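A.B. asks:
Put into structure tokens, the structure is as follows:
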């Protein structure tokens with residue numbers, strides 16, 4: 007989704023604020039490891055990406071992968087999907103320093119969820135090596 011007007015960004019920002027409020031309410035009611043909590047936090051990651059904050063988005067997805075791993079395990083379809091979304095967001099980070107820091111966390115998660123020899127993990131490792139070489 008392209009942000010074509012200030013109104014689009016304003017609406018997304020408002021949605022981000024509303025998702026934060028919902029996160030607090032849902033967490034208070036159901037707890038950290040409940041599917042409702044996990045879903046709203048996935049939404050927060052998606053909104054951050056739409057707002058041009060790929061680092062924030064990646065961290066939200068890393069967080070939800072951790073919760074999903076606790077609830078459903080690393081091989082569950084939802085956990086695997088969140089891992090893929092984390093990679094997608096991470097690849098959009100422009101700042102090499104931020105990309106390197108988050109990339110190390112991402113690789114640790116990918117090794118656990120997708121395996122060290124997965125195509126996605128190997129791709130992320132190559133990207134992290136390229137980023138690190140720029141520093």
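Residue numbers (our numbering): 7 to 141.
Every residue, glycine too, gets a C-beta built ideally from N, C-alpha and C.
If you're wondering where the values come from, they're calculated on a predicted model, not measured in any experiment.
#1: Kindly indicate which three-state DSSP category residue 76 falls into: helix, strand or coil?
#2: To which residues of the same chain is residue 28 closer than 6 Å at the C-beta, ignoring the five residues directly before and after it?
#3: Would the beta-carbon of residue 103 fall within 8 Å of that of residue 141?
#4: Report the three-state DSSP secondary structure of residue 86 (helix, strand or coil).
#5: Leaving out five residues on either side along the sequence, give the residues of the same chain with a beta carbon under 6 Å from the beta carbon of residue 98.
C.D. replies: The short version:
#1: helix
#2: In its chain, beyond the 5 residues on either side, 46 have a beta carbon closer than 6 Å to the beta carbon of residue 28.
#3: yes
#4: helix
#5: The residues are 60.
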